[in-house]
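**Student:** Here you go, one structure.
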Amino acid sequence: MEKRYIYADHAATTAVSDAVLQEMLPYFQQHFGNPSSIYEKGRENERAIIDARARVAKCLGADPKEIFFTAGGSESDNWAIKGVADKLAAKGKKHIITSVFEHHAVLHTCEFLEKHGFEVTYLPVSPQGLIDPKQVEDAIREDTALVTIMYANNEIGTIQPIAEIGAVCKKHGVIFHTDAVQAVGNVEIDVKAQNIDMLSLSGHKFHAPKGIGALYIRKGITLPNLIHGGGQESGKRAGTENVPGIIGLAKAIEDATANIPAKIAHLTPLRDKLIEGILKIDQTRLNGDREHRLCGNVNISIVGIEGESLLLMLDYFGIQASSGSACTSGSLDPSHVLLSLGLVHEVAHGSLRLSFGEELTEEDVDYILETIPQVVERLRAMSPMWERMQKENIRLNADKTRLVKEEA
Ligand SMILES: *Cc1c(COP(=O)(O)O)cnc(C)c1O
-9 MEKRYIYADH
1 AATTAVSDAV
11 LQEMLPYFQQ
21 HFGNPSSIYE
31 KGRENERAII
41 DARARVAKCL
51 GADPKEIFFT
61 AGGSESDNWA
71 IKGVADKLAA
81 KGKKHIITSV
91 FEHHAVLHTC
101 EFLEKHGFEV
111 TYLPVSPQGL
121 IDPKQVEDAI
131 REDTALVTIM
141 YANNEIGTIQ
151 PIAEIGAVCK
161 KHGVIFHTDA
171 VQAVGNVEID
181 VKAQNIDMLS
191 LSGHKFHAPK
201 GIGALYIRKG
211 ITLPNLIHGG
221 GQESGKRAGT
231 ENVPGIIGLA
241 KAIEDATANI
251 PAKIAHLTPL
261 RDKLIEGILK
271 IDQTRLNGDR
281 EHRLCGNVNI
291 SIVGIEGESL
301 LLMLDYFGIQ
311 ASSGSACTSG
321 SLDPSHVLLS
331 LGLVHEVAHG
341 SLRLSFGEEL
351 TEEDVDYILE
361 TIPQVVERLR
371 AMSPMWERMQ
381 KENIRLNADK
391 TRLVKEEA
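Heads up, the sequence shown is in my numbering, so the first residue is -9 and it goes up one at a time.
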């Protein structure tokens, strides 16, 4: 088969789309004014931001006053969590509930707060990578300030029962934040219907530029200022606005949410064909629930090889993928997400994440399915671990989380 170039790492970042770029371009030179200026060149940009805020709000079922522009997902997560913690600590509420497999922007923020007198409950996830709303309810205490649970996991793509978790939080009067960075454009989001109090999103995961994002904060929740200075973002986050980024974010979220059912209908069969095809390779396991997962996410552990070698070989064949998460590669520890599913290190090490956008074709899928088995065969042929497994009859156990010696 002829070599193809396939970008299979949409969970890491995406290209700015043509439509987004075209909307942004005038704001670099022609419309360069400062939105706070009094003359027309400034006010036209102020109006553009007001319009963009309304466009983003509409895509989430929110009110424009509830949308705050930030520099991305990490900033939104930090602001939401530290902001609520700061606010409610004054009322004696110093307990936070989250999960073990959140993005590091959430986990490291919670760890920071633990050093400052907060208590954090890290809910375990099921072997399929799901959280039960009942777990959340059981963990809520008199002094719980915040529940923060991600909408969709960035490594294994599992989608949480967000509306149900939101309902539990509402019932107990606890603020509910969700990191929806991976969910936007893949799942229908309505913050009101889904009982979401705060929601983080990041533009570069859905074809806006890097460095622009937003935090939805429900009316009635007042967070402390993130950046002190001028009156931008209702005085909450000072600094002259990233006007091109904000315009780009508005266009990108409109495009990403315009036809989610069609995207799901297109990608789901391709995803499933990939999953079934790769699982035909001996000694492999699917990570994350089969049904409750993003339409563009495939995550499979391939025993007996190293994820990094697999990525290098796939890159050689034109396929750009990921193993674990981009933030953890560079360290030798397997991803905390895969470990949270109960996998031992040997199984987690050979993991492969493919994440797609709607441009994926049947021909791409066929190319990937032709390439991966060849690459795995070559890597296993030079793997001491695979050799030992063959010699000593070591195989995956029944639930495919660890390796066991099979009696002949
Ligand atoms: C990418 C990502 C983030 C971080 O977003 P940035 O805009 O890169 O800071 C946070 N959470 C999740 C789930 C992500 O996938």
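We put the CB at the ideal spot given by N, CA and C, even for glycine.
When every heavy atom of ligand 1 is checked, does at least one fall within less than 7 Å of the C-beta of V399?
**Tutor:** Residue coverage of the chain in this structure runs from -9 to 398, which leaves residue 399 outside it and unanswerable.
**Student:** Terminal residues of the continuous beta strand (DSSP E) containing D169?
**Tutor:** Working through the sequence shown from its first residue, we reach residue 169 at position 179. Note, D169: beta strand (DSSP E), I165 to D169.
**Student:** Run the CB neighbour count on L97, radius 10 Å, all protein chains shown included, and call it buried at 16 or more, exposed below.
**Tutor:** Taking the sequence shown and counting its residues from 1, one reaches residue 97 at position 107. Counting Cβ neighbours within 10 Å, L97 comes out buried, since at least 16 surround it.
**Student:** What are the uninterrupted segments assigned as beta strand (DSSP E) that are 3 or more residues long and contained completely in the region 93 to 163, given in chain order?
**Tutor:** 109 to 113 and 134 to 138
**Student:** Taking buried to mean at least 16 other C-beta atoms within 10 Å of its own C-beta, is S315 buried or exposed?
**Tutor:** Looking up residue 315 in the sequence shown gives position 325. Residue placement at S315 is flagged as unreliable, the pLDDT there being 48, under the threshold of 50; the coordinate-derived value follows with that caveat. So S315 ends up on the buried side.
**Student:** Give me, in chain order, the residues of the same chain whose beta-carbon lies closer than 7 Å to that of A129; leave out the 5 immediate sequence neighbours on both sides.
**Tutor:** For this step, residue 129 is matched to residue 139 along the sequence shown. Excluding positions up to five away in sequence, the list reads I87, T111 and L113.
**Student:** Whole angstroms are fine: how far does the CA of V394 sit from the CA of A252?
**Tutor:** Residue mapping note: residue 252 aligns to position 262 of the sequence shown, counting from 1. Residue mapping note: residue 394 aligns to position 404 of the sequence shown, counting from 1. Taking the straight line from one Cα to the other gives about 43 Å.
**Student:** Hey, would you say the C-beta of V171 is under 7 Å away from at least one heavy atom of ligand 1?
**Tutor:** What you label residue 171 is simply residue 181 of the sequence shown in a count that begins at 1. Yes.
**Student:** Under 8 Å, do I155 and P123 count as touching if we go by C-beta distance?
**Tutor:** Here residue 155 refers to the residue found at position 165 when the sequence shown is read from its first residue. Here residue 123 refers to the residue found at position 133 when the sequence shown is read from its first residue. Yes, the pair counts as a contact, with Cβ atoms nearer than the cut-off.
**Student:** Using a Cβ-Cβ cutoff of less than 7 Å, which residues in the same chain neighbour E127 once the five nearest sequence positions on both sides are dropped?
**Tutor:** Numbered from its first residue, the sequence shown carries residue 127 at position 137. Closer than 7 Å at Cβ, skipping near neighbours: V158.
**Student:** Does A338 come within less than 8 Å of chain C when only Cβ atoms are used?
**Tutor:** Here there is only one protein chain, and chain C is not present.
**Student:** With a Cβ-Cβ cutoff of 8 Å, do S345 and H0 count as a contact?
**Tutor:** Numbered from its first residue, the sequence shown carries residue 345 at position 355. Numbered from its first residue, the sequence shown carries residue 0 at position 10. Yes.
**Student:** How about A246: is its Cβ closer than 7 Å to a heavy atom in ligand 1?
**Tutor:** As a first step, residue 246 must be located in the sequence shown, where it is residue number 256. It does not: the Cβ of A246 is nowhere closer than 7 Å to a heavy atom of ligand 1.
**Student:** Should F58 go down as buried or exposed, given a rule of 16 or more other Cβ atoms within 10 Å for buried?
**Tutor:** Within the sequence shown, the letter at position 68 stands for residue 58. Counting Cβ neighbours within 10 Å, F58 comes out buried, since at least 16 surround it.
**Student:** Give me the residue from W376, I217, T4 and I250 with the minimum Cα distance to C49.
**Tutor:** In the sequence shown, residue 49 corresponds to position 59, counting from 1. Checking every option, the nearest Cα to that of C49 belongs to I250.
**Student:** Could you check the C-alpha separation between A5 and G193 for me, to the nearest Å?
**Tutor:** Locating residue 5 in the sequence shown gives position 15, counting from the first residue. Locating residue 193 in the sequence shown gives position 203, counting from the first residue. Each residue's alpha carbon lies about 10 Å from the other.
**Student:** Which whole-angstrom value describes the C-beta separation of V171 and I243, a residue pair presumed to lie in contact below a C-beta threshold of 8 Å?
**Tutor:** For this step, residue 171 is matched to residue 181 along the sequence shown. For this step, residue 243 is matched to residue 253 along the sequence shown. With 8 Å as the limit, V171 and I243 do not qualify as a contact, their Cβ atoms being about 12 Å apart.
**Student:** Alpha carbon to alpha carbon, how far is R227 from I202?
**Tutor:** Residue 227 sits at position 237 when you count from the first residue of the sequence shown. Residue 202 sits at position 212 when you count from the first residue of the sequence shown. Whole-angstrom Cα-Cα distance: 13 Å.
**Student:** List the endpoints of the continuous beta strand (DSSP E) containing N35.
**Tutor:** Here residue 35 refers to the residue found at position 45 of the sequence shown. No beta strand (DSSP E) contains N35, which is instead part of the alpha helix (DSSP H) from E30 to L50.
**Student:** If you draw a straight line from the alpha carbon of C317 to that of T168, how long is it in whole angstroms?
**Tutor:** Here residue 317 refers to the residue found at position 327 when the sequence shown is read from its first residue. Here residue 168 refers to the residue found at position 178 when the sequence shown is read from its first residue. Because C317 sits at a pLDDT of 46, beneath the cut-off of 50, its placement in the model cannot be relied upon, and the point is left open.
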